[in-house]
Structures are given as structure tokens and as C-alpha cells.
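Structure first, then comments.
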Amino acid sequence: MLLHELRRTRTKAPFAKLSAFFLNFSPFAFLKKFNNELNSEELAADAFTTKIQGTTKYLNTAKKKVTAF
């Protein structure tokens, strides 16, 4: 999970993360384009993590723990 977030901090992802937070309160939450950009950033961070670790095992386990929390 740390690799996932490390990749975000190396890019403009902190802005996207903050924007995603405000999107929850925005009347424009239906804008699909913005949502797609956030999703593509998530996928890029996942791909980075998988590339470094060589497996999705640890990322998937971390995602399950975060979801359960």
C-alpha cells in the first residue's frame, strides 16, 4: 500500500485525491470524465505497485484491509 501511495506522491495525484474528496460534496459529482481520470490514476498506482513487487498479492491484501476498516 505504501508503494501505491508513493507513486501518487510522485505525480500530481495528491491534487486528484483532494479533488475526489470534494467531489463527494459537489453537485457536479455526475461528471464522468473527472471520475474516469481518478480511476485511471488508481490503476496507474496499482500497476506501479505490482511492477515493483512483482505480484498483486500484497496490494490485494492491503485493499481488503482498508475496505474492511
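Here the sequence shown stands for residues -17 to 51, where the numbers follow our numbering. Heads up, the beta-carbon is just placed ideally off N, CA and C, and yes, glycines get one too.
Rounded to whole angstroms, the separation of the alpha carbons of Val48 and Gln35 is 19 Å. Here Thr43 carries a helix assignment [DSSP, helix/strand/coil]. Ranking Ala50, Lys46 and Tyr40 by CA distance to the CA of Leu(-15) puts Tyr40 first.
Thr37 sits in coil when the DSSP states are folded into three classes, being neither helix nor strand.
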